[in-house]
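Enquirer: Dropping the structure in here first, questions after.
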Amino acid sequence: MQNSVVFLGNQPVSVWPKGQEIRVLDHPLIMATRFADFELYHPRLIGKILEMERRPRVRKQYFRGACGTKVHHVDRWNFSEANLIHARALELFRRALKRNEAVADLSWANVYRDGEYCMPHSHLRAMASVVYFVETGDTDPDDPSGGRFCFVDPRLPNCCKEEQDKMTTPYFPGTPAGVMLIFPGQLVHSVNPYSGTQPRITMSWNINDAAVPSSPLPTED
């Protein structure tokens, strides 16, 4: 497994810190790790994402239920903090799936603002999907599930509490800031409507052990 460093200014930061553990959650194919050093790089990373969100040429905004505003291609931002998280996502894929190679088919940041959400969906062209939780935003005491990431897949026992293969219960993994989650791309997941004044920010990757032909974004072919 790789164990390189990324320089944040003059400070070298390990891509995979010593002793960093990957936890299997309530399903063997869903795993997570939390990076204890996230406060070291989150302020600049958040600032960069919000700055790019304001750029008309790089931001993509579709409709309210399409996961907020997207900024694609994390690996092309030419920003040290983004390079670090991108490298960590690839390394999580290698370690969790025990693969020698990791190739990001697509990567992006999501910025959710008041009233935005993500409809249930799966990820195309992905052996595994990775989500990194940067800023969880404001909590709503009247809606504790608001703005939260969840799985809504009838193949997951945790989603079928009342009857096998019948999805009745969203499964909410713990996702505080600094958590990186990996799961099979075909699992159906969503983000509940967010209400808050602070932006809610995540980063995502679709990863395989070999490159997938053609562009994942048809408009970029």
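The numbers in my numbering rise by one with no breaks, and the one at position 52 of the sequence shown is 52. Note that the Cβ used here is the ideal one computed from N, Cα and C, for glycine as well.
In the DSSP assignment, the beta strand (DSSP E) including R200 goes from what residue to what residue?
Expert: Within the sequence shown, numbered from 1, the residue matching residue 200 stands at position 200. Element bounds for R200: 200-208.
Enquirer: To the nearest angstrom, how far is it from the Cα of V13 to the Cα of R44?
Expert: Here residue 13 refers to the residue found at position 13 of the sequence shown. Here residue 44 refers to the residue found at position 44 of the sequence shown. Spanning the two alpha carbons is a distance of roughly 15 Å.
Enquirer: Could you check what DSSP says for V13 in three-state terms: helix, strand or coil?
Expert: On the sequence shown, residue 13 is found 13 positions in, with the first residue counted as 1. V13 sits in a strand when the DSSP states are folded into three classes.
Enquirer: Does DSSP classify F7 as helix, strand or coil?
Expert: For this step, residue 7 is matched to residue 7 along the sequence shown. F7 falls in the strand class under three-state DSSP.
Enquirer: What first and last residue would you give for the alpha helix (DSSP H) that runs through L40?
Expert: Taking the first residue of the sequence shown as position 1, residue 40 is located at position 40. Residues 38-53.
Enquirer: Leaving out five residues on either side along the sequence, give the residues of the same chain with a beta carbon under 7 Å from the beta carbon of V6.
Expert: Against the sequence shown, residue 6 aligns to sequence position 6. Only V13, V15, S80, N83, L84, A87 meet the Cβ criterion.
Enquirer: So what does DSSP say about N110, is it helix, strand or coil?
Expert: Position 110 of the sequence shown holds residue 110. Note: N110 maps to strand in three-state DSSP.
Enquirer: What would DSSP say about C118, mapped onto helix, strand or coil?
Expert: Your numbering for residue 118 matches position 118 in the sequence shown. Looking at C118 - three-state DSSP - the assignment turns out to be strand.
Enquirer: Note down the Cα distance separating R94 from G19, rounded to an integer number of angstroms.
Expert: On the sequence shown, residue 94 is found 94 positions in, with the first residue counted as 1. On the sequence shown, residue 19 is found 19 positions in, with the first residue counted as 1. For R94 and G19, the distance between alpha carbons rounds to 16 Å.
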